[in-house]
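Quick note, the sequence shown lines up with residues 363 to 699 if you use my numbering.
All C-beta atoms in this analysis are idealised placements derived from N, C-alpha and C, irrespective of residue type, glycine included.
Computed from a predicted structure; not experimentally measured.
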Amino acid sequence: MGMRANSKDQARLGVIDTMALGFQTVNRAPAVLAVPILIDVLIWLAPRLSIGAVGDRSLAVLERYLVEAGQSSGLALGQSLQQMQQQIEFARQIIQAVNLVALLAFGGFGPQSIVPLERTGIAGRIEIGSGVQAVIAGLLILLLGWLIACFWLGMLGGLVRSEPVSLATTLQRAPGYWIRIVGFTFGLGAAFVAISIPLALFSGLLQMFAPAVGAFLAIFVAISLQLLLIWSIIFLFFYVDAIVISGSGPLRAASQSIRVVATNLGSAFGFILIAWLIAAGLGIAWRSIAETPIGIALAIVGNGYVQSGLAAASMVFYRDRIAGNPPRTEVGQRDTR
């Protein structure tokens, strides 16, 4: 048993070799770059979907309330009113720069946009009229972006499994990936909110009766929730890979991702760190050249290649280190667990 385990460990690729194989996988089928490139081109050239008008109305109400409060409470609040107005103006500038189309590349597991927000929306500007419309539009664009990301991941997964590239097969599988990822993501978010809100309320009430204890509990809860979020991100790093490569359902994919990280702590942390450094470092480089149309175009292509290579490398790492041969559904079938 020990000799078998050792031979299996030796057969596993190192982190650097895994990265190299991920990019070699993309080199075999450059067509996969079309998805991240097209997403960035849309964000760059499509009309800006702006919430500037909604934000201006909301901030105007807030500013009017602060002015009235300052006038009624005297000098103490009046002295800080100017600082508050400066913060409101800063918030207004941020809101004016928001482009909901950029949500096509938001979520953490799909292609990330490299186009600076201030350079998006070349084709014009569309103002959203109300907060409800902004929420609905943002949610629909986000979910559409996730569906496109699932199509992209499906193409990469087929390459990692050494399957022939098939557009029809990928289109068939992508909705299943999307349903599982969306369901688990929203479920995990709801669980996090369900944990954090009662703890925050309890610590707030406790501060009314025992301020020192309540303040300590509030800090402890905040730190604990942040650590929980960080560990969730690390141990669920290969969650999407488990869905795409193993065809797993939501819960099994989570357990497989946790098992891969827990049984390969050193190499998993090393891979995650190197992948993050590559993405962050090159992201800075891409943005530094995205000052002209030609620079933006070059950055879009380079960013699409790097992100595709890193996503493929993550799948290779998962495939290479998933312990044993866990029961799984055949590709194309749905595992509901």
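Please list, in chain order, all residues of the same chain as residue i whose beta carbon is under 7 angstroms from its beta carbon, the five residues on each side excluded.
{"i": "residue 484", "result": "406 and 407"}
{"i": "residue 512", "result": "536, 539, 540 and 543"}
{"i": "residue 672", "result": "384, 637, 640 and 641"}
{"i": "residue 377", "result": "629, 632, 633 and 636"}
{"i": "residue 419", "result": "none"}
{"i": "residue 416", "result": "490, 492, 493 and 496"}
{"i": "residue 503", "result": "462, 463, 465 and 466"}
{"i": "residue 454", "result": "417, 418 and 421"}
{"i": "residue 500", "result": "462 and 465"}
{"i": "residue 450", "result": "421, 424 and 425"}
{"i": "residue 509", "result": "536 and 540"}
{"i": "residue 522", "result": "387, 607, 674, 677, 678 and 681"}
How would you write the range of the alpha helix (DSSP H) that residue i sits in, first residue to last?
{"i": "residue 644", "result": "627 to 651"}
{"i": "residue 385", "result": "377 to 390"}
{"i": "residue 716", "result": "Nothing can be reported for residue 716: it is not among the residues displayed for the chain, which extend from 363 to 699."}
Assign residue i to one of three DSSP states: helix, strand, or coil.
{"i": "residue 412", "result": "strand"}
{"i": "residue 437", "result": "Because the pLDDT at residue 437 is just 48, under 50, the model does not fix this residue reliably, and the value given afterwards should be weighed accordingly. Note: residue 437 maps to helix in three-state DSSP."}
{"i": "residue 716", "result": "The structure shown does not extend to residue 716, since the chain spans only 363 to 699, so no value can be given for it."}
{"i": "residue 470", "result": "coil"}
{"i": "residue 571", "result": "helix"}
{"i": "residue 524", "result": "coil"}
{"i": "residue 605", "result": "helix"}
{"i": "residue 598", "result": "coil"}
{"i": "residue 655", "result": "helix"}
{"i": "residue 622", "result": "helix"}
{"i": "residue 586", "result": "helix"}
{"i": "residue 483", "result": "coil"}
{"i": "residue 614", "result": "helix"}
{"i": "residue 478", "result": "coil"}
{"i": "residue 535", "result": "helix"}
{"i": "residue 492", "result": "coil"}
{"i": "residue 686", "result": "Reliability fails at residue 686, whose pLDDT of 49 lies under 50, so the model's placement of it is uncertain and the value that follows must be treated cautiously. Coil, per DSSP."}
{"i": "residue 423", "result": "helix"}
{"i": "residue 696", "result": "Caution is warranted here: a pLDDT of 46 is assigned to residue 696, below 50, making its placement in the model unreliable, and the coordinate value is therefore given only provisionally. In the structure shown, residue 696 sits in coil (DSSP, three-state: anything other than H, G, I, E or B)."}
{"i": "residue 374", "result": "coil"}
For residue i, I'd like the list of residues in its chain whose CB is within less than 6 angstroms of its CB, leaving aside the five on either flank, ordered along the chain.
{"i": "residue 412", "result": "487 and 489"}
{"i": "residue 458", "result": "414"}
{"i": "residue 668", "result": "644"}
{"i": "residue 472", "result": "511"}
Leaving out the 5 sequence neighbours to the left and right, which residues in its chain are closer than 8 angstroms to residue i when beta-carbon positions are compared?
{"i": "residue 532", "result": "513, 516, 517 and 520"}
{"i": "residue 338", "result": "The structure shown has nothing for residue 338, since the chain only spans 363 to 699."}
{"i": "residue 379", "result": "none"}
{"i": "residue 395", "result": "388, 663, 666, 667 and 670"}
{"i": "residue 649", "result": "476, 478 and 661"}
Along the chain, where does the beta strand (DSSP E) that runs through residue i open and close?
{"i": "residue 487", "result": "487 to 489"}
What distance in whole Å lies between the Cβ atoms of residue j and residue i, which are believed to be in contact at a cut-off of 8 angstroms?
{"i": "residue 683", "j": "residue 626", "result": "5 angstroms"}
{"i": "residue 565", "j": "residue 551", "result": "The pair is not a contact, with the Cβ atoms about 21 angstroms apart (cut-off 8 angstroms)."}
{"i": "residue 604", "j": "residue 619", "result": "5 angstroms"}
{"i": "residue 652", "j": "residue 646", "result": "Their Cβ separation, rounded to whole angstroms, is 11 angstroms, which puts residue 652 and residue 646 out of contact at 8 angstroms."}
{"i": "residue 546", "j": "residue 616", "result": "7 angstroms"}
{"i": "residue 592", "j": "residue 623", "result": "About 13 angstroms; that fails the 8 angstroms criterion."}
Quick check on residue i - is its C-beta less than 7 angstroms from some C-beta in chain B?
{"i": "residue 423", "result": "Although the question refers to chain B, the structure presented lacks it and comprises just one protein chain."}
Meets three-Cβ-pair contact criterion under 8 angstroms: the stretch 572 to 587 and the stretch 555 to 564: yes
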